[in-house]
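> In our numbering, the protein residues as written are -5 to 211.
Every residue, glycine too, gets a C-beta built ideally from N, C-alpha and C.
In this text the structure is predicted, and so the values were computed from the model without any measurement.
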Amino acid sequence: MNRSRLAPGAGIVTVPGGLPVLRTAEGEFLRIDTGGTDPGELVARLTPGEGVHPDPAELVRLVTAFEEAGHAVTEPRRPPLTGRTVHLLGDPLLTEPLSRFAAAEGAEVHPATADDVAGLAGRRDTAVVWCLDSPVPDGLWDTADRLPARHTAWLRCHREGAHTWIEPLASAPATSPPPTYAGADSRRPPPTANSPPTGPATAPPTPDRTPPNRPPP
-5 MNRSRLAPGA GIVTVPGGLP VLRTAEGEFL RIDTGGTDPG ELVARLTPGE GVHPDPAELV
55 RLVTAFEEAG HAVTEPRRPP LTGRTVHLLG DPLLTEPLSR FAAAEGAEVH PATADDVAGL
115 AGRRDTAVVW CLDSPVPDGL WDTADRLPAR HTAWLRCHRE GAHTWIEPLA SAPATSPPPT
175 YAGADSRRPP PTANSPPTGP ATAPPTPDRT PPNRPPP
C-alpha cells in the first residue's frame, strides 16, 4: 500500500517556535494549523522515510486535508533528478547543503575541482554547479562558460558583500548561445563620479558596517 507523500514541487518549511508553512507547487506559501500534532511528525509522515507506523487520528486528518487540496499524492513519485549527474564545486558553506538537496531529489552527486571542469564537457544529463561565498576572480569561470556548447549544463552562483547572485541554468544552445558569466559581468555599468563609494565592501568592518560577504543584521 502506497502512503501519501508531498506532491512534486511542494515542500514544508518549519520555523522553531512558529507554525510550519506549506510551499505549494505553484509557489504560494500557506500557514499550516497542525492542532495538537507536532510539526515534525507531519513532515516525517509526508516525506520519504523508512518504516510504516500507525498514524494518530489527528495526523490522519491533516494528511487527508493535504490530499484533498492536491498537496499530497499516493502515487509513487519519481524524483525529478533521477538519472542526472551533478558535479559540485566551490565553497562548502554552499555546496554541502546543496549536495544533500540534489541527492534527495534523485541526482548522482560528485564533488569536483576547478581542474576537473574541462574534462566534464560533452557529458549529457550532467550539470556542473559552482558556488562561491565571495566575488569571482577574473577568469575563474572561463572554462565552465564553455560547457553548454558541448551539451553539459552549467549553473553558477556567488556572493558580493550582502548580495547573492544566482544565475539561470545554462544548457545546450538552441538558436543562440546561453549567456556566459564573462559576458554578463562585462555588461555591468561601470562606476561613475556619482557612484556610491566601494569602501564598505572592501574595508575592514566597523561597528556600523556590514563585514564583507555577510548578510546585514
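Tell me the DSSP secondary structure of Arg55 in three-state form.
DSSP places Arg55 in helix when its eight states are reduced to three.
> Do you know offhand how far Pro191's Cα is from Leu36's?
Since pLDDT at Pro191 reaches only 49, below the 50 mark, its modelled position is unreliable, and the value read off the structure follows with that caveat. About 50 Å.
> My assumption, with CB atoms under 8 Å, is that His65 sits in contact with Thr18. Please give the rounded CB distance.
Indeed they touch by this definition, with Cβ atoms about 6 Å apart.
> Looking at C-alpha atoms only, which residue of Asp127, Arg72, Phe60, Thr146 is the closest neighbour of Gly113?
With distances taken between Cα atoms, Gly113 lies closest to Thr146.
> Looking at Thr79: is its Cβ nearer than 8 Å to the Cβ of Asp119?
Cβ atoms of Thr79 and Asp119: closer than 8 Å.
> Quick one, are the C-beta atoms of Glu52 and Gly29 less than 8 Å apart?
Cβ distance < 8 Å, so Glu52 and Gly29 count as in contact.
> Quick check on the DSSP output: the alpha helix (DSSP H) that includes Pro105 runs from which residue to which?
Not the alpha helix (DSSP H): Pro105 falls in the beta strand (DSSP E), residues 102 to 105.
> Which word fits Pro91, buried or exposed, when buried means at least 16 other C-beta atoms lie within 10 angstroms of its C-beta?
Exposed is the call here.
> Looking at C-alpha atoms only, which residue of Ala38, Arg144, Asp139 is the closest neighbour of Glu161?
Glu161 has its Cα closest to that of Asp139, out of Ala38, Arg144, Asp139.
> I'd like to confirm the pairing. Which residues does DSSP put opposite Arg154 in its beta bridges?
For the sequence presented, residue 154 should be read as Glu rather than Arg. Answer is His157.
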